[in-house]
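First comes the structure, then the notes that go with it.
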Amino acid sequence: DVVLTQSPATLSVTPGERISLSCRASESVDTYLHWYQQKPNESPRLLIKYASQSISGIPSRFSGSGSGTDFTLSINGVELEDLSIYYCQQGNSLPYTFGAGTKLELK
Amino acid sequence: EVQLVESGGGLVKPGSSLKLSCVASGFTFSSYGMHWIRQAPKKGLEWIALIYYDSSNKYYADSVKGRFTISRDNSKNTLYLEMNSLRSEDTAMYYCAKWGGYWGQGVMVTVSS
Numbered sequence: 035d036v037v038l039t040q041s042p043a044t045l046s047v048t049p050g051e052r053i054s055l056s057c058r059a060s061e062s063v064d065t066y067l068h069w070y071q072q073k074p075n076e077s078p079r080l081l082i083k084y085a086s087q088s089i090s091g092i093p094s095r096f097s098g099s100g101s102g103t104d105f106t107l108s109i110n111g112v113e114l115e116d117l118s119i120y121y122c123q124q125g126n127s128l129p130y131t132f133g134a135g136t137k138l139e140l141k
Numbered sequence: 054e055v056q057l058v059e060s061g062g063g064l065v066k067p068g069s070s071l072k073l074s075c076v077a078s079g080f081t082f083s084s085y086g087m088h089w090i091r092q093a094p095k096k097g098l099e100w101i102a103l104i105y106y107d108s109s110n111k112y113y114a115d116s117v118k119g120r121f122t123i124s125r126d127n128s129k130n131t132l133y134l135e136m137n138s139l140r141s142e143d144t145a146m147y148y149c150a151k152w153g154g155y156w157g158q159g160v161m162v163t164v165s166s
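Quick look at the structure:
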């Protein structure tokens, strides 16, 4: 199974700063890597698909990059509403797997 | 607008069975593969099952293989998850999903004596 390792586990942020979240795969997943945001008691929301493709309705401050085994989700100018948990997920090979998540908290 | 609405969750005892449903609307259900994903309390997301658009192929996570069965009725726009031999570790919120960012609101399954 492909193991996705997200880092850091928790990130303390200040509104307005630019941040990067990492997702590393145990083997290549090409660009079949997607990013989700999940707030408490809500379903996950897709932010970025296929490593870098934007999603309609998602603020432009969210962007993704990477291919193969190393991926990054960037938030350019964190807002308070962005405080939540972020998961990466690979869709390259079954079983599909998720990372353990990165929690954004207020510094 | 794509909508996915799960139902059928509840509190059950270890070893018992439960069948979840997910009614889809807003897209041509019979043209898309569908997934079940779960999330244990305060834990991360776990993909558990996939069914092709025509039910020709089904795939499962090892954690549920042999106990859970995914199925669908395209005439009713409905996805199912039949869960047998339930264990305490199956306690979770269960989501149905269509890849591309469409998830239901989830249904809670609690397995406890």
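These protein sequences, in sequence, are chains A and B.
The working numbering puts the first sequence at residues 35 to 141.
The working numbering puts the second sequence at residues 54 to 166.
We put the beta carbon where it would ideally sit given N, CA and C, even for glycine.
These numbers come from a predicted model, not from an experiment.
What residue range does the beta strand (DSSP E) around residue i cover?
i               : result
K151 of chain B : 145–151
E139 of chain A : 136–140
A16 of chain A  : With chain A represented from 35 up to 141, any question about residue 16 of chain A goes unanswered, as that position is not in the structure.
E59 of chain B  : 56–60
L114 of chain A : Counting along the chain, L114 of chain A falls outside any beta strand (DSSP E), and DSSP gives it neither H nor E.
K83 of chain A  : 79–83
L67 of chain A  : 67–72
V160 of chain B : 160–164
T39 of chain A  : 38–41
S97 of chain A  : 96–101
T44 of chain A  : 44–47
L128 of chain A : Unbroken run through L128 of chain A: none, as it is neither H nor E.
Please name the residue in the options whose C-alpha comes closest to that of residue i.
i               : options                        : result
N126 of chain A : B:W152, B:S141, B:R125, B:A145 : B:W152
T122 of chain B : B:Y106, B:V164, B:S70, B:S141  : B:S70
G68 of chain B  : B:A150, B:G154, B:D143, B:Y155 : B:D143
P93 of chain A  : A:C57, A:E113, A:T48           : A:E113
K72 of chain B  : B:E59, B:G154, B:M87, B:K118   : B:E59
D35 of chain A  : A:E51, A:P49, A:S60, A:G50     : A:S60
R95 of chain A  : A:K141, A:E51, A:L38           : A:E51
D107 of chain B : B:L132, B:K118, B:L57          : B:L132
I119 of chain A : A:W69, A:S62, A:D64, A:T65     : A:W69
F82 of chain B  : B:R140, B:L57, B:S116          : B:L57
How about residue i and residue j: do their beta carbons lie closer than 8 Å?
i               : j               : result
G97 of chain B  : V162 of chain B : no
Q71 of chain A  : L81 of chain A  : yes
S90 of chain A  : N110 of chain A : no
S109 of chain B : R120 of chain B : no
G135 of chain A : Q40 of chain A  : yes
R125 of chain B : I104 of chain B : yes
V76 of chain B  : N130 of chain B : yes
A145 of chain B : H88 of chain B  : no
S166 of chain B : K66 of chain B  : yes
L67 of chain A  : A43 of chain A  : no
Y121 of chain A : P78 of chain A  : yes
Excluding the 5 residues flanking residue i on each side, which residues of the same chain have their C-beta closer than 6 Å to its C-beta?
i               : result
F80 of chain B  : V55
Y148 of chain B : I90, W156, G157, G159
K111 of chain B : I104, I123
Y113 of chain B : A102
G133 of chain A : L38, Q40, C57, Y121, C122
Leaving out five residues on either side along the sequence, give the residues of the same chain with a beta carbon under 7 Å from the beta carbon of residue i.
i               : result
D116 of chain A : I109, L138
P129 of chain A : D35
Using a Cβ-Cβ cut-off of 8 Å (strictly less than) and excluding sequence neighbours within five positions of residue i, which residues of its own chain qualify?
i              : result
I53 of chain A : L45, V47, S108, I109, V112, L138
Review point. Unbroken beta strand (DSSP E) runs of length 3 or more, entirely within the region 77–158 of chain B: which are they?
Key: 87–92, 98–104, 111–113, 121–126, 131–136, 145–151
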